[in-house]
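Taking the working numbering, I'd label the letters of the sequence shown as residues 84 to 303. The beta-carbon is built from N, C-alpha and C at its ideal position, and this holds for glycine as well. Quick caveat, the model's predicted, so the values are computed rather than measured. All remarks here apply to the structure that follows.
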Amino acid sequence: MASLLSAGNTCLVVLELKSTQIERASTSWLDPALAELAEADEKEESAAAIAVAARSVGEGASRRCLTPNEMLSLECARGRSLAGYYYPACPEPELTMGISSHTDPNFLTILLQNHIGDLQVRHGNHWVYVPSTAGALVVNIGDHLQIISNDKFKSVDHRVLANWVGPRILVALFFTSVTVPAKVYGPIKDLLSEESPLAYKDFSVGDYMAKYRKKPLDDK
């Protein structure tokens with residue numbers, strides 16, 4: 084089951100896992116999660132992520148819906164990286180920040196986290212906690228999806244707070260699009276109209292990442 088948290092055009096999708104997956108993870112939270120992500124069939128893994136994105140872009144665009152096959156043809160989920168994060172308890176959380184505000188420079192980010200819910204997303208001028216739901220995946224819209232959807236969806240501005248309770252543990256799967264060989268991305272032409280003119284130039288992932296790394300983390 085999927086639930087959608089919307090902040091204007093910014094979307095955050097929470098996907099609930101099947102009960103069998105929850106039962107598998109009940110004895111050891113981290114290892115089954117890593118195994119589930121790392122051993123997933125490549126085609127099915129990409130198709131699942133693309134189906135979420137295609138449905139989201141389709142719902143955000145008034146002209147027509149895009150199909151998963153159309154999104155797959157863009158190879159937006161071809162490049163992937165998996166990372167594990169461990170945030171220890173902080174004795175003085177008011178003096179520091181877990182991770183400062185930023186957006187993800189990719190297509191989609193899928194998170195599996197434990198019960199310590201220190202993730203926040205920006206809603207207008209306010210920061211809102213993302214509920215830590217047992218057996219759920221959190222899906223963040225990234226910068227690349229914002230660009231190819233021509234602002235139909237905005238990449239989510241988020242941060243992580245330090246907490247005296249811990250540790251916070253999570254696994255993140257980043258869908259980074261194609262970097263080698265270089266592939267050019269840009270707004271999907273079928274989403275352009277007089278009401279929604281071209282908002283971005285075409286780009287390659289390598290060039291985008293080079294520019295991203297040269298600026299402060301909170302400078303989108």
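| Item | Value |
| --- | --- |
| Given G167 as reference, the closest of S238, L195, N189 once Cα atoms are compared | L195 |
| Whole-Å CB distance - L228 paired with F190, under 8 Å assumed | 5 Å |
| Beta-bridge pairing of A166 - partner residues as DSSP gives them | A255 |
| Every unbroken beta strand (DSSP E) within the stretch 158-242, with a cutoff of 3 residues, ordered by chain | 163-170, 182-185, 191-196, 202-206, 209-212, 219-224 |
| Outcome for R296 when other beta-carbon atoms lying within 10 angstroms are tallied against a minimum of 16 | exposed |
| Beta-ladder partner(s) of S287, from DSSP | V267 |
| N-terminal and C-terminal residue of the alpha helix (DSSP H) that L274 is part of | Premise fails: L274 is in no alpha helix (DSSP H) and is neither H nor E. |
| Distance between beta carbons of V261 and R163, contact taken as under 8 Å | With a Cβ gap of about 11 Å, R163 and V261 do not count as contacting. |
| Residues near K298 by beta carbon distance below 6 Å, same chain, minus five either side | none |
| Alpha-carbon to alpha-carbon, G207 and S232 | 21 Å |
| Minimum Cβ-Cβ distance from V263 to chain B less than 8 Å | Here there is only one protein chain, and chain B is not present. |
| Rounded straight-line distance, which links the Cα of S287 to that of V348 | Limits of the chain in this structure are 84 at one end and 303 at the other, which puts residue 348 out of reach. |
| Inter-residue Cα distance where the pair is Y268 and W247 | 42 Å |
| CB of D226 within 8 Å of CB of P188, strictly | yes |
| Spatial distance of L277 from K237 (CA atoms) | In the sequence as displayed, the identity of residue 277 is Glu instead of Leu. Their backbone Cα atoms lie some 20 Å apart in a straight line. |
| Cβ distance (whole Å) where L220 is taken to contact V213 below 8 Å | About 12 Å; that fails the 8 Å criterion. |
| Buried versus exposed, by CB contacts within 10 Å (16 or more), P174 | exposed |
| Member of V211, V254, A217, I230 whose CA lies at the smallest distance from the CA of H241 | V211 |
| Helix, strand or coil at E278 according to DSSP, with G and I counted as helix | coil |
| M292 versus T186 - alpha carbon distance | 13 Å |
| Classification of N152 by the beta-carbon crowding that lies within 10 angstroms, buried from 16 upward | exposed |
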